[in-house]
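Novice:
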């Protein structure tokens, strides 16, 4: 809660010594002995940077609440930039042009298309856990180190996927679900489990929400994260059922404490070893010895319904509530549109979701077709998260094929307050204005500049953005203006969230021309020509502007 | 990168206060026992006249017929120009600095450029800022190399002020070192000036749109202001500094006003690089050039007076540069195209107010019909390094990988090298001439000796007899005050060891 202005001094003063990643560790996971060693291991790692939370929201403005589908005639470049900017990481000029000349519905279809399964980051994703009790102290340390390496390897792999994503919403959705289900690797411990959850987001994230919820709930990561694992009938654990209702389905105040307690009795008897669980997907039930031992087979009453509910039954009951669809759509709205919620739109979207039996694609298609979504108020209203900004810029600069110094991406987004696989807590990342404070903003500029200069605090590159190719791709002899003028406008189109102002356009042209006249700037200047330095200088200038933080 | 390096980085981050997050991680360069030899508190203000200043219309060869033939519409007549001497005039827009010229605070270096001048803005600018030959492509700036030479552990182990300040959003090449950049960017001087004056409203000149997007833009601009990329010491200096003059309300005016504040506020930065765009006058040059020169000379005049008012004038020098000059012959659009060399003007109270070099010989153009080079620009930069800042010649040689003859335009050189011994006793042209009320005569002595300087009127009557002596060998100046004299012709005779050289000077009241 920021009660004082977010100055650097205030932030440093308020810097707490608490380490949430230590406080929430399960003292018996994976075994008592290993848990103790793991805690010591974690203590030695530097703390994660979580930016202070900013709860400010802009006051409401008059926005088109029109839920009508946007007409084809209104589908223009500005609309394409907006849609792609919110759904993709880093749309290039070519993407924008192609989508504009295509139609709204085709573009939305392309975005919602199913992609082929991704190659996992390594073979270790299927590796069973070791027999902990047989390992020596040193061997345990070695395994923990190795697991840590794999976690970061996976996080890096994910970011690289984002830099290489085509016109498709799948990676964006997987990040959305990661924030939604906010599971932290520091507690989960097993990289195999974190990968499994990530793969579930990718595979089921655009399909049926119920199926997604089921798969997440009974995956090893969630079972550890919210203490489903080893929750026993005699003394069940409320953690999961609370968050299930509050965060994943109904939203606060739509259930009672008793509902939580009763539901938690249903989520008993499920166990995992970090890689596999005792959940039977086909029959939608737990199985095996611990299920028989620990599951509470008695009747429970949740939201007025009584029966010998299992976890699946609870999920079904919750999804029957109207509030559930509204809650999910509200979260989606917040991510894709704006932090100030326009309820009628959310209600309409929820209606579509329910009508389609919780299939997510139709609901998203609905949202992306409304005139409301394209209201000019929302243009540039999204403050990009670190994992959106940096990978996005890589793709916009056409630099996704390079091999970056080890840890560049990871360290950068970490520094900006968004360590992938490590949300600050179960609420996920607050995001919005919390991303921007007087510490993170200069660092944003610094790491983004690295793409242009090749110098980064996390290792220098031996490559840079190819400005000449960028310029030649953008230039069109059929468009208005000299090449230099076109480049300025089109760069702004690709990089800025808000429309380019006249004053800024003039400044940018000054930088590009550096005293020359517009016609002195040639699109065909050879590769080593000093003119291209100026375009790099222009990119550096743009990177330091607020406009580039928005989408 | 290991975790412990991450800790080191995060400490850099949290400890940096208002500093730029410097790229200090992983540095391991150390040169033990090496300290900087930089001791002076002198400052040089370099102003780039961006686009290629038309030197021929700035320092005008008013007696040259070819000049008038070549420029039927653009040439400036003797009547229009400001008189410098019998053959030279200033563009009338230089009016604001004219009093300073009359007071011996303005000098000219003619024909500055480099061999095989490149006519591309970008390439030529790069040559100037990297200090390279025309056929070399260097990736570091001359100032970058200079500071890297003096502060090899940069960014560790440096003085607590920025090494250089640049007033431009881009083109960092002049300050680029092999690994980072020594300048500290101030990329919007108007904004910064307003902030420091306490009346900054973010986005005042470019309001955010009225939308959610605009709201977020406004929010980020606010945070941007809080985390502006200038360090505590710049900010404090600017707050402590004062302007005793009002500066012209334009961008170069703001730059100079801010520079003055920083210097008066005690900032120790030795180099400022300012920019004034617009000099690429291919068409309709007359008005544009006039306005530009008006803006810059007004700003320089305000600055010089401001510094004098605060008794800082001995510490500062202003030098104008440009990536090239322009062609002798005007084109069909009442403008001029890219040329080669052009004069550089320098200003201050610690300068030798002289014209170095001659008017370009318009009968002896190169095979592109452009003017010949008289001085390599690196001579000016070298001179600044040795004479103005007092660093050893080896430093200048390191920076430019060659030796360049210095130009003696610094009145009190701090040079550690022995001054070049003049072969002969010489008296330089009085400057300004005609004058009112002061002029300065320079003379060079091959050996120490007694000097007598006599002033006689047109009828040969002795008006003044100054016995100066003993004077050391080398170059000196003598100020002639004509406040109480009547207008007319006078003779200044400088005599040493039996030899006398006389100059005609004219007082025009």
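Chains as they are written, first to last, in our numbering: chain A, 229 to 779; chain B, 91 to 599.
Even for Gly, the Cβ is constructed at its ideal location relative to N, Cα and C.
On a predicted model such as this, the values are computed, not experimentally measured, just so you know.
(1) Residues of the region 200 to 225 of chain B with a CB closer than 7 Å to any CB of chain A: list them in chain order, please.
(2) Taking the straight line between their C-alpha atoms, what separation do you get for residue 122(B) and residue 473(B)?
(3) Just the C-alpha distance for residue 452(A) and residue 544(A), rounded to the nearest angstrom, thanks.
(4) If you draw a straight line from the C-alpha of residue 532(B) to the C-alpha of residue 442(B), how long is it?
(5) Can you tell me where the beta strand (DSSP E) holding residue 580(B) begins and where it ends?
(6) Would residue 289(A) count as contacting chain B if we go by Cβ distances under 8 Å?
(7) In the structure shown, what three-state DSSP assignment does residue 130(B) receive?
(8) How about residue 382(B) and residue 190(B): do their beta carbons lie closer than 8 Å?
(9) For residue 529(B), which of 197(B), 562(B), 241(B) and 159(B) has the nearest alpha-carbon?
(10) Alpha carbon to alpha carbon, what distance is there between residue 308(B) and residue 170(B)?
(11) Can you have a look at residue 357(A) and say buried or exposed, based on whether 16 or more other CB atoms are within 10 angstroms of its CB?
(12) What residues of chain B sit near residue 726(A), judged by a beta carbon separation below 9 Å?
(13) Assuming residue 265(A) contacts residue 249(A) under a Cβ cut-off of 8 Å, what Cβ separation, rounded to an integer in Å, is found between them?
(14) Are the region 281 to 296 of chain A and the region 482 to 492 of chain A in contact at 8 Å, needing three or more beta carbon pairs?
(15) Check whether the Cβ atoms of residue 434(A) and residue 639(A) sit closer than 8 Å, and answer yes or no.
(16) Which residue or residues does DSSP assign as beta-bridge partners of residue 504(B)?
(17) Quick one: list the residues of chain B neighbouring residue 774(A), beta-carbon separation under 8 Å, in chain order.
(18) Between residue 512(A) and the rest of its own chain, which residues show a CB-CB distance below 7 Å, the 5 nearest in sequence each way excluded?
(19) Please report the distance separating the alpha-carbon of residue 170(A) from that of residue 354(B).
(20) Give the straight-line distance between the Cα atoms of residue 607(B) and residue 234(B), rounded to the nearest whole angstrom.
(21) Count the C-beta pairs between the region 402 to 418 of chain B and the region 455 to 469 of chain B that are closer than 8 Å, then say yes if the count reaches three, no if not.
(22) Check each candidate in 210(B), 150(B) and 592(B) and name the one with the smallest Cα separation from residue 183(B).
(23) Since residue 772(A) is in the beta strand (DSSP E), which residue starts that stretch and which ends it?
(24) Please report whether the beta-carbon of residue 422(B) lies at a distance below 8 Å from any beta-carbon of chain A.
(25) Measure how close the beta-carbons of residue 597(B) and residue 524(B) come, nearest whole angstrom, since I'm counting them as under 8 Å.
(26) Helix or strand or just coil, what does DSSP make of residue 539(B)?
(27) Does residue 775(A) pass the burial test, meaning 16 or more other C-beta atoms within 10 Å, or should it be called exposed?
(28) Let me make sure I understand the geometry here. Which of 744(A), 628(A) and 342(A) has the alpha-carbon closest to that of residue 428(B)?
(29) Threshold first: 4 residues or longer. Then list the alpha helix (DSSP H) segments lying entirely within the region 332 to 405 of chain A, N to C.
(30) How many angstroms separate the CA atom of residue 313(A) from the CA atom of residue 378(A)?
(31) Applying a beta-carbon distance threshold of less than 8 Å, which residues of chain B neighbour residue 669(A)?
(32) Can you tell me where the alpha helix (DSSP H) with residue 553(A) in it begins and where it stops?
(33) Of all the residues that make up the region 350 to 367 of chain B, which are near chain A by a beta-carbon distance shorter than 7 Å?
(34) Return the first residue and the last residue of the beta strand (DSSP E) that residue 554(B) is part of.
(35) State the DSSP-derived secondary structure class of residue 473(B), mapped to helix, strand or coil.
(36) Residues in its own chain within less than 6 Å of residue 349(A) by CB, not counting five upstream and five downstream?
Specialist: So, from the listed chains and residues:
(1) 210, 211, 212, 213, 215 and 216
(2) For the purposes of this step, residue 122(B) is identified with residue 32 of the second chain, where counting begins at 1. For the purposes of this step, residue 473(B) is identified with residue 383 of the second chain, where counting begins at 1. Confidence in residue 122(B) is poor, its pLDDT being 36 and thus under 50, which makes the residue's placement too unreliable to answer from.
(3) Within the first chain, numbered from 1, the residue matching residue 452(A) stands at position 224. Within the first chain, numbered from 1, the residue matching residue 544(A) stands at position 316. About 22 Å.
(4) By one-based count along the second chain, residue 532(B) stands at place 442. By one-based count along the second chain, residue 442(B) stands at place 352. Going from the Cα of residue 532(B) to the Cα of residue 442(B) covers about 8 Å.
(5) Residue numbering aside, residue 580(B) sits at position 490 when the second chain is read from its first letter. Residue 580(B) -> beta strand (DSSP E) spans 578 to 586.
(6) Here the question's residue 289(A) lines up with position 61 in the first chain. With 8 Å as the cut-off, residue 289(A) counts as an interface residue toward chain B.
(7) For the purposes of this step, residue 130(B) is taken as the residue at position 40 of the second chain. Here residue 130(B) sits in coil by DSSP.
(8) Walking along the second chain from the start, residue 382(B) turns up at place 292. Walking along the second chain from the start, residue 190(B) turns up at place 100. It is not a contact, given that the beta carbons lie outside the stated cut-off.
(9) Here the question's residue 529(B) lines up with position 439 in the second chain. Nearest C-alpha to residue 529(B): 197(B).
(10) Here the question's residue 170(B) lines up with position 80 in the second chain. Here the question's residue 308(B) lines up with position 218 in the second chain. Computed Cα separation, rounded: 50 Å.
(11) Position 129 of the first chain, counted from the first residue, corresponds to residue 357(A). Buried is the call here.
(12) For this step, residue 726(A) is matched to residue 498 along the first chain. Around residue 726(A), the beta-carbon contacts reaching into chain B at under 9 Å are 298, 299, 301, 303, 304, 306 and 307.
(13) Position 37 of the first chain, counted from the start, is the residue given in the question as residue 265(A). Position 21 of the first chain, counted from the start, is the residue given in the question as residue 249(A). Contact flag wrong, Cβ pair sits at about 16 Å.
(14) no
(15) Along the first chain, read from residue 1 onward, the residue named residue 434(A) stands at position 206. Along the first chain, read from residue 1 onward, the residue named residue 639(A) stands at position 411. No, they are not a contact pair.
(16) By 1-based counting over the second chain, the position of residue 504(B) is 414. Residue 504(B) is not bridged to any residue.
(17) On the first chain, position 546 is the one that residue 774(A) refers to. Near residue 774(A) (Cβ distances below 8 Å), the residues of chain B are 307, 310, 311 and 314.
(18) Numbered from its first residue, the first chain carries residue 512(A) at position 284. So the list reads 540, once near-sequence residues are dropped.
(19) The question about residue 170(A) has no answer, for chain A in this structure spans 229 to 779.
(20) This structure does not reach residue 607(B), given that chain B is present from 91 up to 599, and the question cannot be answered.
(21) yes
(22) Locating residue 183(B) in the second chain gives position 93, counting from the first residue. Per the Cα distances, 150(B).
(23) Here residue 772(A) corresponds to residue number 544 of the first chain, with the count starting at 1. Segment: none, residue 772(A) is in no beta strand (DSSP E) and carries neither H nor E.
(24) Reading the second chain from its first residue, position 332 is the one you call residue 422(B). Not an interface residue.
(25) For the purposes of this step, residue 597(B) is taken as the residue at position 507 of the second chain. For the purposes of this step, residue 524(B) is taken as the residue at position 434 of the second chain. Confirmed, about 7 Å.
(26) The residue you call residue 539(B) lines up with position 449 of the second chain. Strand at residue 539(B).
(27) Working through the first chain from its first residue, we reach residue 775(A) at position 547. Residue 775(A) should be labelled buried.
(28) Here residue 428(B) refers to the residue found at position 338 of the second chain. Residue 428(B) has its Cα closest to that of 744(A), out of 744(A), 628(A) and 342(A).
(29) Qualifying alpha helix (DSSP H) stretches, in chain order: 332 to 340 and 365 to 391.
(30) Sequence index remark: in the first chain, residue 313(A) carries index 85 (1-based). Sequence index remark: in the first chain, residue 378(A) carries index 150 (1-based). C-alpha separation (whole angstroms): 31 Å.
(31) Locating residue 669(A) in the first chain gives position 441, counting from the first residue. Within 8 Å Cβ-Cβ: 310, 313, 314 and 317.
(32) Here residue 553(A) refers to the residue found at position 325 of the first chain. DSSP places residue 553(A) inside the alpha helix (DSSP H), whose first and last residues are 550 to 564.
(33) 367
(34) Stepping through the second chain from its first residue, residue 554(B) is reached at position 464. Its beta strand (DSSP E) spans residues 552 to 561.
(35) Translated into positions along the second chain, residue 473(B) becomes position 383. Looking at residue 473(B) - three-state DSSP - the assignment turns out to be helix.
(36) Here residue 349(A) corresponds to residue number 121 of the first chain, with the count starting at 1. Answer for residue 349(A): 381, 382 and 385, listed in chain order.
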